[in-house]
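In our numbering, the protein residues as written are 113 to 419.
Below, the structure written as structure tokens:
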């Protein structure tokens, strides 16, 4: 999402000659001398420089005060972009007071040098997909758009890759449900197959899928994000809402929601939250959290068996 915003901004402000040189710095460490040099350097025949600062909200007050002096007289060949990627509240980023109180922040914001990124959530997924499809010149039939949004996770890179696949497949035609049915996304193991196994109470099958993954950290958080989406759908089904489900999964999801009931779905949410908390608090490794998550969810979702 940041890459798309940067491409649009740089296209709107082409350099006098040549192409923009791109330099990336991170807010979790003090800016190197090279950063200040790129920001202020004036060269008659030098290249134009796009200077991207990721997680800029992490810089301490001392750095921002120095930055305030540096961008008061910016180089004509420097185009900085300060990316605010921290936590959000009420659709706005939570920013430290030492940033918002500085005049340089308002100045940079007014020049288009500040990018605010909350990331992609379920709430914004449809809007994001429609915007990217328009940008790529891709048109969807209404049912196909709903099916596509139901089949991809709230992950900007996954969505972009799937849209580009459909662009090649459609060849200028409108995307229909037959095309979107081919969409799929998996980081390493088949996450969707793993979820189906867990929701069927098939722990052995889930273990086989998980064993194919190599990066436990990445796999765990991908799995948690997709499971959270599924659990919200189950809750909506119990609440009697009109939920659009993939035709191949609809019957199983409805049956699972009825089998779990409100108490079971609530327990599932607690299992997901606990797995994330255990890792982020350092109490368990991602591999241990994956093991516990699989056992608890498969046990919760297992159909009742007669004695």
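C-beta atoms are modelled at their ideal positions from N, C-alpha and C, and glycine is treated no differently.
Source: prediction; values computed, not measured.
For residue j and residue i, the rounded distance between their alpha carbons
i	j	result
residue 313	residue 172	49 Å
residue 347	residue 308	17 Å
residue 131	residue 292	37 Å
residue 115	residue 134	11 Å
residue 249	residue 233	23 Å
residue 144	residue 137	8 Å
residue 300	residue 178	In this prediction, residue 300 has a pLDDT of 45, which is less than 50 and means its spatial position is unreliable; nothing more can be read from the coordinates.
residue 333	residue 390	12 Å
residue 298	residue 150	Per-residue confidence for residue 298 stands at a pLDDT of 45, beneath the threshold of 50, marking its modelled position as unreliable; no derived number is given.
residue 142	residue 211	16 Å
residue 421	residue 353	This structure cannot speak to residue 421, because the chain is shown only from 113 to 419.
residue 287	residue 241	13 Å
residue 355	residue 128	52 Å
residue 181	residue 122	24 Å
residue 223	residue 217	10 Å
residue 418	residue 366	Reliability of the predicted coordinates at residue 418 is poor, the pLDDT of 36 falling under 50, and no value is obtained from them.
residue 282	residue 268	21 Å
residue 290	residue 351	30 Å
residue 260	residue 279	13 Å
residue 120	residue 126	10 Å
residue 404	residue 396	10 Å
residue 202	residue 341	21 Å
residue 117	residue 163	14 Å
residue 349	residue 400	31 Å
residue 71	residue 146	Residue 71 falls outside the range modelled here, since the chain spans only 113 to 419, and no answer is possible.
residue 255	residue 113	25 Å
residue 408	residue 185	59 Å
residue 393	residue 124	44 Å
residue 317	residue 174	54 Å
Proximity of residue i and residue j at Cβ, strictly below 9 Å
i	j	result
residue 225	residue 193	yes
residue 170	residue 161	no
residue 364	residue 311	yes
residue 265	residue 329	no
residue 230	residue 200	yes
residue 257	residue 284	no
residue 420	residue 412	Beyond the ends of the chain as shown, which are 113 and 419, falls residue 420; an answer cannot be given.
residue 343	residue 380	yes
residue 189	residue 168	no
residue 406	residue 338	no
Supposed contact pair residue j and residue i - C-beta distance, whole angstroms, cut 8 Å
i	j	result
residue 220	residue 271	29 Å between Cβ atoms; not a contact.
residue 387	residue 315	Not confirmed; about 15 Å, so no contact.
residue 357	residue 262	7 Å
residue 244	residue 275	6 Å
residue 205	residue 196	5 Å
residue 303	residue 335	6 Å
residue 166	residue 198	Actually they are not in contact, since the Cβ atoms of residue 166 and residue 198 sit about 11 Å apart, beyond 8 Å.
residue 402	residue 331	7 Å
Residues that residue i bridges to, as DSSP identifies them
i	result
residue 162	134 and 191
residue 196	228
residue 201	204
residue 287	252
Check: residue i C-beta below 8 Å from any heavy atom of the ligand FMN
i	result
residue 322	The ligand content of the structure shown is nil, which means the ligand FMN is not present either.
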